[in-house]
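Colleague: Below are the structure tokens for one structure; questions will follow.
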Amino acid sequence: MENVLSPSLAGEIGARVSSLFVYPIKSCRGVSLSQAALTPTGFQWDRNWLIVNSKGRGLTQRVEPKLSLIEVEMPKHAFEEDWEPEKSSNMVVRAPGMDALKVSLAKPEKIAHGVSVWEWSGSALDEGEEASQWITNFLGKPCRLVRFNSASETRPVDPDYAPGHYAMFSDMYPFLLISQGSLDSLNKLLKEPVPINRFRPNIFVDGCEPFAEDLWREILINDFTFHGVKLCSRCKVPTIKQETGVGGQEPIKTLRNFRSDKVIQPKKKPQGKIYFGQNMIWKDRVSDVMGKTIKVGDPVVVLAKLSSPAEAAT
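Position 7, counted from 1, in the sequence shown is what the numbering used here calls 751; the numbers after and before it change by one each time, with no gaps.
Shown next, in the form of structure tokens:
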């Protein structure tokens, strides 16, 4: 069922943006922002880089939990809209026991062929030997750092759900939204509460009921329209403590009790999925309006809702 409008809530403020996050290198630590510039493939600098193994396959915390220990620092003004790197602009990468690595934000000329992440494969920009050696030393296996080559490559999201939309190296969709209410609801059931960094959202909101975001089909943030594509099915990454890189069973074990497809979609054959968060796309991505940024404190206006979480998970 498409765009079920709820007259009681349509056009009302459903929440406010409480935090914004980007993850410049996929599966490494995020950067918390007070404002984030929108691009059609996600926030500016989000998942622009990927660490690949000797076969060109993208690495994530699923197989390399130590990636959670890699911190990324961007130049002070890099997250302002329309900021352009200078020759001296660097991304600084840090990890325990390692000297800081500086990666120039000037586009490298070397091309890495045969790069793949999930269902996508193509070429990428290779960040060179120094970056490769640094990551190889830290992870203990041959690796390279590559950057999405938006000049020659596109990576469509699932056309069954969001035709005409694209991502860089994010898992499935350009944006992931989660609410404080949902996190609080989960943490009440856990012996050890987990922080939001376990779930790696881009947009964290507060002021709504737990799992209200499940039903958000259309929302406005700073007059930009976001479309809720489908609930985010979770892998084991939320079980990894981001401060230590050590995995466990929670919170997936507890989420399975009340957020599995078996519970949320009881009429469908279960596939073992566990949902937490709403995948989103920016609908009016072609608009040329200035100030394409959203900020902490911005109201989230709910324009259209689904009638049940079962629809949102479909």
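Ideal Cβ placement from N, Cα and C applies to all residues, glycine included.
Let me confirm a value: Glu746 is counted as buried when at least 16 other C-beta atoms fall within 10 Å, else exposed. Which label applies?
Modeller: Unreliable placement is indicated for Glu746, whose pLDDT of 40 sits below 50; the coordinate value is still reported in the next sentence. So Glu746 counts as exposed.
Colleague: Give me whichever residues DSSP pairs with Lys1039 in a beta bridge.
Modeller: DSSP, once it has assigned bridges, lists Gln779 as partnering Lys1039.
Colleague: When you compare each of Ala844, Leu777, Lys935 and Glu815 to Gly989 by their alpha carbons, which one comes out closest?
Modeller: Taking only the C-alpha atoms, the option nearest Gly989 is Glu815.
Colleague: Is the beta carbon of Ala1057 less than 8 Å from the beta carbon of Gln1009?
Modeller: Closer than 8 Å, so yes.
Colleague: Can you look up Gly758 in the DSSP assignment and give me helix, strand or coil?
Modeller: In this structure, Gly758 counts as strand in the three-state DSSP scheme.
Colleague: Does Asp915 come within less than 8 Å of chain B when only Cβ atoms are used?
Modeller: Note that chain B does not occur in the displayed structure, where there is just one protein chain.
Colleague: Excluding five sequence neighbours on each side, which residues of the same chain lie with their C-beta closer than 7 Å to the C-beta of Arg806?
Modeller: Excluding sequence neighbours, Arg806 sits near Cys979, Lys980 and Val981.
Colleague: Quick one: Cα of Trp827 to Cα of Lys1006, how far?
Modeller: One C-alpha to the other measures close to 46 Å.
Colleague: Quick one: grab the DSSP three-state call for Asn946.
Modeller: The answer is coil: DSSP assigns Asn946 none of H, G, I, E or B.
Colleague: DSSP on Glu957, reduced to helix/strand/coil?
Modeller: The answer is helix: DSSP assigns Glu957 an H, G or I state.
Colleague: Shortest alpha-carbon distance to Leu764 belongs to which of Ala1054, Leu920, Gly755 and Asn881?
Modeller: Residue Leu920 is the option with its Cα nearest to Leu764.
Colleague: What three-state label does DSSP hand Trp878 in the structure shown?
Modeller: The answer is helix: DSSP assigns Trp878 an H, G or I state.
Colleague: For Gly800, which of helix, strand or coil comes out of DSSP?
Modeller: Reduced to three states, the DSSP call for Gly800 is coil.
Colleague: Report the partner residues of Ser860 according to the DSSP bridge assignment.
Modeller: Ser860 is bridged to Arg801 and Ser865.
Colleague: Output yes or no for whether 8 Å exceeds the beta carbon distance between Val1040 and Ser778.
Modeller: Contact flag set, yes.
Colleague: Does the segment 968-976 come within contact of the segment 928-936, defined as at least 3 CB pairs closer than 8 Å?
Modeller: Verdict: no, contact absent.
Colleague: Please name the residue or residues paired with Ala1048 in a DSSP beta bridge.
Modeller: According to DSSP, Ala1048 bridges with Glu962.
Colleague: With a threshold of 16 other CB atoms inside 10 Å of the CB of Pro885, please say whether the residue is buried or exposed.
Modeller: According to the sequence provided, residue 885 is Lys. The question's Pro does not apply to it. By the neighbour-count rule (16 or more Cβ atoms within 10 Å), Lys885 is not buried but exposed.
Colleague: With 16 other CB atoms within 10 Å as the buried threshold, where does Thr1037 fall?
Modeller: Looking at its Cβ environment, which holds 16 or more other Cβ atoms inside 10 Å, Thr1037 is buried.
Colleague: State the beta-bridge partners of Glu897 as determined by DSSP.
Modeller: For Glu897, which the question treats as bridged, DSSP gives no partner whatsoever.
Colleague: In chain order, what residues of the same chain lie with their CB nearer than 8 Å to the CB of Glu936, ignoring the 5 residues before and after it?
Modeller: Contacts found: Glu994.
Colleague: Going by Cα to Cα distance, which pick from Asp1028, Val973, Ala956 and Ala780 is closest to Pro768?
Modeller: Nearest of Asp1028, Val973, Ala956 and Ala780 to Pro768, Cα basis: Ala780.
Colleague: Specify, as a first and last residue, the run of the alpha helix (DSSP H) that Glu742 falls within.
Modeller: With the chain running from 745 to 1058 in the structure shown, residue 742 is simply not present.
Colleague: Are the beta-carbon atoms of Ser860 and Arg801 separated by less than 8 Å?
Modeller: It is a contact, given that the beta carbons lie within the stated cut-off.
Colleague: Helix or strand or just coil, what does DSSP make of Asn834?
Modeller: Reduced to three states, the DSSP call for Asn834 is strand.
Colleague: Here's a check: name, in chain order, each residue in its chain whose Cβ is nearer than 6 Å to the Cβ of Gly758, leaving out the five neighbours to either side.
Modeller: Cβ neighbours of Gly758 beyond the five flanking positions: Cys952, Val1044 and Val1046.
Colleague: In the structure shown, what three-state DSSP assignment does Asp904 receive?
Modeller: Asp904: coil per DSSP, three-state reduction.
Colleague: Determine the closest residue to Gly925 out of Asp958, Lys1011 and Thr785, with distance taken between C-alpha atoms.
Modeller: When each option's Cα is compared against that of Gly925, the closest is Asp958.
Colleague: Classify Cys952 as helix, strand or coil using the three-state DSSP reduction.
Modeller: In the structure shown, Cys952 sits in coil (DSSP, three-state: anything other than H, G, I, E or B).
Colleague: Where does Gln1022 sit, in a helix, a strand or coil, going by DSSP?
Modeller: In the structure shown, Gln1022 sits in a strand (DSSP, three-state: E or B).
Colleague: Where does the unbroken alpha helix (DSSP H) through Leu999 begin, and where does it stop?
Modeller: Taken as a continuous stretch (DSSP letters only), the alpha helix (DSSP H) holding Leu999 covers Ile996 to Phe1002.
Colleague: Quick one: what's got a C-beta closer than 7 Å to Arg791's C-beta in the same chain, skipping five residues either side?
Modeller: Within the same chain, Arg791 has close Cβ partners Tyr767, Lys770, Met912, Phe913 and Ser914.
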